[in-house]
Every structure is written in structure tokens, then in C-alpha cells.
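Remarks on the structure that follows.
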Amino acid sequence: MNGGTCQSINGNVGYQCICPSGFSGPRCETRDACTPNPCLNGGTCMSNNVGGFACQCPPGFSGQRCEDRDPCASQPC
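Have a look at this one:
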């Protein structure tokens, strides 16, 4: 599922899925909300346990995806 590779284990009695980047779960069924990174302006994406994400924004940026720039961050005054 989702491009995972099946690998036999325990003498071909069982298997495990090797998931591609951005997927996880026993059968690679869970998509990582941070792949690709939805955060802008150098924000760091953090997945949560309900399939969502939160962005940790660098100084001077805010918003759900770090899309809002603080016009005072450069201290123009």
C-alpha cells in the first residue's frame, strides 16, 4: 500500500512493510502530514497523533503555516 515494500520475516511465516518516506503504519496506510513540509518561511513541521500537523515558526513569522510576517521583526524604527 502506498508504495511499501513487503519483507518476509520469521522464515516466511510473517511479513513487515517497509514504508516509503511520508508513510507509516503496519501496511503503510498512514500518511505523514509533514511530507512534504507544509510550513512556509523555514517553519518546522510537527505531526500530531490525529493525522494533522503544527508548524513551529522561526522568529518574525506566525500563522498556521508561518505565512504571516511580523513587519516589526527587523526593528525598522
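Everything in the sequence shown is counted per the working numbering, starting at 3 for the first residue and increasing by one.
A virtual CB, placed ideally from N, CA and C, is assigned to each residue, including glycine.
Bear in mind the structure is a predicted one, so any value in this text is a computation, not a measurement.
Return the residue from the list the options that minimises the CA-CA distance to residue i.
i     : options                       : result
Cys36 : Gln58, Val15, Gln18 and Tyr17 : Gln58
Asn22 : Arg67, Cys41, Glu69 and Thr7  : It is worth fixing the name first, because residue 22 is Pro in this sequence and not Asn. Measuring from the Cα of Pro22, the nearest candidate turns out to be Thr7.
Cutting at 7 Å between CB atoms, please list the residues of its own chain near residue i, excluding the five before and the five after it.
i     : result
Ala75 : Pro61 and Gly62
Val52 : none
Asn39 : Cys47
Ile11 : Tyr17 and Gln18
Buried or exposed for residue i, going by 16 or more other Cβ atoms inside 10 Å?
i     : result
Gly45 : buried
Cys79 : exposed
Ignore the nearest five residues each way along the sequence and tell me which others in residue i's own chain have a CB closer than 6 Å to its CB.
i     : result
Gly24 : Asp34 and Thr37
Where DSSP assigns a beta bridge to residue i, which residues make up the other side?
i     : result
Gln9  : Gln18
Asp70 : Ser64
Completely contained beta strand (DSSP E) runs for the segment 11-67, where each covers 3 or more residues: You should have 16-20, 46-49 and 55-58.
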